[in-house]
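Heads up: the structure comes next, in structure tokens.
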Amino acid sequence: MKVFADQLPAALAKKLPKAVIVAGDEPLQHRDACDAVRAAARQAGIEEREVLDVEPNFAWGRLLETASNLSLFASNKLLELRLGNQKLGQEGTKALAQYADMMDGSDDLLLISMGKVDAKQQKSAWFKAIDKQGIFVPVWPVDASRLGYWLRDRASHHGLQIDLEAARLLGERTEGNLLAADQELQKLALIYPANTRLNVEHIAQGVEDSTRFDVFNLADACLKGEPSRASRIVNGLKSEGVEAPIVLWALTRELRTLLSLHQHLDQGQSFEHACKTQKPMIFDKRRPSYQKAISRLSMKRLHKLL
């Protein structure tokens, strides 16, 4: 059963499931969802907790062994399987499918925390089997158009109120980073009395502009096709006295990388392989930005920009 992150506490209060899958890349909502599951487990009297961190060459037999082991001190336990962005492989999918078969006769609660789950994974046998008896919580980044409203709701979580314009300014100053924005709200909750309505002046005075105006942020904004952000960073670089050749060096480097990626793709290589062959290698976290740029900029256009 799919349940969105903000609805999870209410769903857990109605009935504790056999399993919860929390999947996505946004750290604050991911953390909150996992914390909500742990709190619900404690509320249900589950005091024992075991954590399995899945790393390369993880022995999947440990999952079934841990699930089968009877505790001397408790009749049930919370079993956390932390996948991160690790791929399951055949052994992992088989172990999870076997675990799903065992769930009917178990009082344990399984919490699977993982990165983004694509449509193919959601159709897999293990996922459907666990989802049938549990809850699937997809964690998505908050869209820029909704960020102000989301922060307004989050402020109430810390005992504060916030005007919509102030919430938007907070989102801008933290560059849409929910974790950073939440930390700022926590600090403001220590400064101002409960139920204080925060306005633009409160945010302007109490929240530093955490945007780091550096050439790498500018390159990232250009790769993602974010002109307003790029313009703001350029203005920041000017005000900080960053020399133009440094900016040109960073942008030229990215243009050459994009050209190299195009060439590898034209030779029939996969995008993942093309990223790995770059020097320095393009890490997983940055690959979506390059993929966006490649789909937007042809080789002809890149040569013109150079």
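To convert, take the position in the sequence shown, counting from 1, and add 239; that gives our numbering. From the three backbone atoms N, C-alpha and C, an ideal C-beta is built for every residue, glycine too. On a predicted model such as this, the values are computed, not experimentally measured, just so you know.
Inter-residue spacing [alpha-carbon to alpha-carbon] between residue 435 and residue 379:
29 Å
Is the distance from the Cβ of residue 317 to the Cβ of residue 288 below 8 Å?
yes
According to DSSP, is residue 465 helix, strand or coil?
coil
Report, in whole angstroms, the separation of the C-beta atoms of residue 223 and residue 254, which I expect to be a contact under 8 Å.
Because the chain spans 240 through 545 in this model, residue 223 falls outside it and cannot be assessed.
To the nearest angstrom, how far is the alpha carbon of residue 498 from that of residue 516?
13 Å
Whole-angstrom C-beta distance between residue 427 and residue 445, which should lie under 8 Å:
6 Å
If you pair each beta-carbon of the stretch 259-267 with each one of the stretch 350-359, do three or more pairs fall below 8 Å?
yes
Got a sec? Which residues, its chain only, sit under 7 Å from residue 280 by beta carbon, not counting five neighbours each side?
317 and 348
Can you tell me which of the three DSSP states residue 290 falls into?
strand
Rounded C-alpha distance that separates residue 409 from residue 475:
18 Å
Give the DSSP-derived three-state secondary structure of residue 508 in the structure shown.
coil
Proximity to residue 361 [Cα-Cα], best of 386, 346, 442 and 332
332
Look at the alpha carbon of residue 537 and the alpha carbon of residue 527, and state the distance between them as a whole number of angstroms.
17 Å
Using the Cβ count rule (16 or more neighbours within 10 Å means buried), how would you classify residue 488?
exposed
Between residue 381 and residue 504, what straight-line distance do the alpha-carbon atoms span, to the nearest angstrom?
32 Å
Let me know if residue 540 comes out buried or exposed under the rule of 16 or more other beta-carbons within 10 Å of its beta-carbon.
exposed
Are the CB atoms of residue 240 and residue 369 nearer to each other than 8 Å?
no
Distance between residue 496 and residue 518 (C-alpha atoms, nearest Å):
9 Å
Since residue 339 is in the alpha helix (DSSP H), which residue starts that stretch and which ends it?
328-341
So, residue 420 versus residue 390, is the Cβ gap smaller than 8 Å?
yes
So residue 324 and residue 523 are supposed to be a Cβ contact under 8 Å. How far apart are they, rounded?
7 Å
Determine the closest residue to residue 416 out of 482, 397 and 386, with distance taken between C-alpha atoms.
386
Please determine, among 532, 244 and 300, the residue with the shortest C-alpha to C-alpha distance to residue 273.
244
For residue 243, does the three-state DSSP call read helix, strand or coil?
coil
Determine the burial state of residue 246: buried for a count of at least 16 other Cβ atoms within 10 Å of its Cβ, exposed for fewer.
exposed
Locate the alpha helix (DSSP H) running through residue 538, then write down its first and last residues.
538-544
Cβ neighbour criterion (16 or more within 10 Å) applied to residue 388:
exposed
What span of residues does the beta strand (DSSP E) with residue 378 cover, start to end?
374-378
In angstroms with no decimal places, state the Cα-to-Cα distance between residue 356 and residue 371.
16 Å
Taking the alpha-carbon of residue 252 as reference, which of 265, 438 and 278 has the nearest alpha-carbon?
278
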